[in-house]
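The structure under discussion appears below in the form of structure tokens.
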Amino acid sequence: TLMQPLDEIQTAFKQIKDDPAFREEYYKLLKDYSGRPTALTYADRVTEYLGGAKIYLKREDLNHTGSHKINNALGQALLAKKMGKTRKSLLKPVPASMVLPLQQLQPNSAFPVLCLWVKRMLPASL
Numbered sequence: 213t214l215m216q217p218l219d220e221i222q223t224a225f226k227q228i229k230d231d232p233a234f235r236e237e238y239y240k241l242l243k244d245y246s247g248r249p250t251a252l253t254y255a256d257r258v259t260e261y262l263g264g265a266k267i268y269l270k271r272e273d274l275n276h277t278g279s280h281k282i283n284n285a286l287g288q289a290l291l292a293k294k295m296g297k298t299r300k301s302l303l304k305p306v307p308a309s310m311v312l313p314l315q316q317l318q319p320n321s322a323f324p325v326l327c328l329w330v331k332r333m334l335p336a337s338l
């Protein structure tokens, strides 16, 4: 059943989420692989239109892959590493609904880098 692995993940996350070393490693991964922190861009025309309140845009679109998904993937990979998971234990068939999205990933996205990171960081087996 799905509940046992979900409970295991929830328990592991609760134990590690406040660990400064875990947070430091996660933030380093975000910096190195997803382009964080993302830039703040001063929106001069919007500022002028609104009458002077200085408006800045948080440029999440500048993340590698252009979205928040990489943040989640990096966190999941790091948690799996901390849980002692192996590549073998994580290898599952790719659902048909994911085949096309995976094929559409751009080669310069963080996804190939994440795959290499997981391959390097997680042992093939215990």
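Numbering-wise (our numbering), the sequence shown opens with residue 213 and increments by one.
We treat Cβ as the ideally placed atom computed from N, Cα and C, and that holds for glycine.
Small disclaimer: the values here were computed from a predicted structure and weren't measured.
Taken through DSSP and simplified to helix, strand or coil, threonine 250 comes out as coil.
Apart from the 5 residues on each side of it in sequence, arginine 271 sits with its Cβ closer than 8 Å to the Cβ of Thr250, Ala251, Leu252 and Thr253 in its chain, given in chain order. If you ignore the 5 residues before and after isoleucine 267, its C-beta comes within less than 6 Å of the C-beta of Ala255, Val258 and Thr259, all in its own chain and listed in chain order. Here lysine 229 is exposed, its C-beta having fewer than 16 other C-beta atoms within 10 Å. Secondary structure at leucine 218: helix, using DSSP grouped into helix, strand and coil. If you look at leucine 242, you'll find it isn't in any alpha helix (DSSP H); DSSP assigns it neither H nor E. Around the beta carbon of arginine 235, a 10 Å sphere encloses fewer than 16 other beta carbons of the protein chains shown; the residue is thus reported as exposed. Per DSSP, reduced to three states, the secondary structure at lysine 226 is helical. For lysine 294, no beta strand (DSSP E) run applies; the uninterrupted alpha helix (DSSP H) run containing it begins and ends at 281-294, by DSSP.
According to the DSSP assignment, aspartate 256 belongs to the alpha helix (DSSP H) that extends over 256-261. A Cβ-Cβ distance of about 6 Å is found for the pair leucine 290 and leucine 241, placing them in contact under the 8 Å criterion. For the pair tyrosine 238 and glycine 287, the CB atoms are nearer than the 8 Å cut-off. By the Cβ-count criterion, alanine 285 is buried, with 16 or more other Cβ atoms from all chains shown falling within 10 Å of its own Cβ.
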